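Residues 2 to 146, numbered by our numbering, are exactly what the sequence shown covers, in order.
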Amino acid sequence: MRQTIRHRSADVAVGYAADRSGLGIAFAAIATGTGRGVVKVPFSAAPLPALEGREFGYAAVAAVAAHLRGAGFTRVRIRVADELVVDDLNARRPVPPALAMAYVKTRCVLHGFALVRVERAEPIETHELTSRASTEIALRKPAAA
């Protein structure tokens, strides 16, 4: 008897933002063959000012990917606006040493899928998601000292 394996697929656009302490929010627009939805996923990363936010891109992709795996997806296409993050995760360029552990962590999460593609999104695909994340970050109350 042969068992058929069904793969749940999703096409996901991700927009994200983080505050100065490294606490962030990613919004992911998830499209499947039967519907669409937007989820909010928290993430955190140690800020590395010299890398202009790439560390947050890694953390956002890892958090969204973990959410998708938890929801049972096995085939995903994840699109983000940051071309450097996309190039890093697709091994098209050397990863800065400061991002080595974040890279390994993110790739480990991505390797949990039967099929995964990380691609550069057009600005129109992620602008609203990034704006939502930035607005939520801006509206947060500062932590008590």
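Built from N, CA and C at the ideal position, the CB exists for glycine as well. All values derive from a computational prediction rather than experimental measurement.
Residue i, DSSP secondary structure in three states
i, result
"K106", "helix"
"P116", "As written in the sequence, residue 116 is Leu, which differs from the Pro given in the question. L116: strand per DSSP, three-state reduction."
"D88", "helix"
"V62", "helix"
"P50", "helix"
"A99", "helix"
"G38", "strand"
Alpha carbon of residue i to alpha carbon of residue j, nearest angstrom
i, j, result
"A60", "F44", "6 Å"
"R94", "G71", "30 Å"
"D12", "R141", "29 Å"
"L24", "M102", "18 Å"
"F57", "Y104", "11 Å"
Residue i burial status per 10 Å Cβ neighbour count (16 or more: buried)
i, result
"T136", "exposed"
"T127", "buried"
"T107", "buried"
"G36", "exposed"
Cβ neighbours of residue i in the same chain (closer than 7 Å, five flanking residues each side left out)
i, result
"R21", "P48"
Cβ-based neighbour list, residue i, same chain, cut-off 8 Å, excluding 5 preceding and 5 following
i, result
"E129", "G16"
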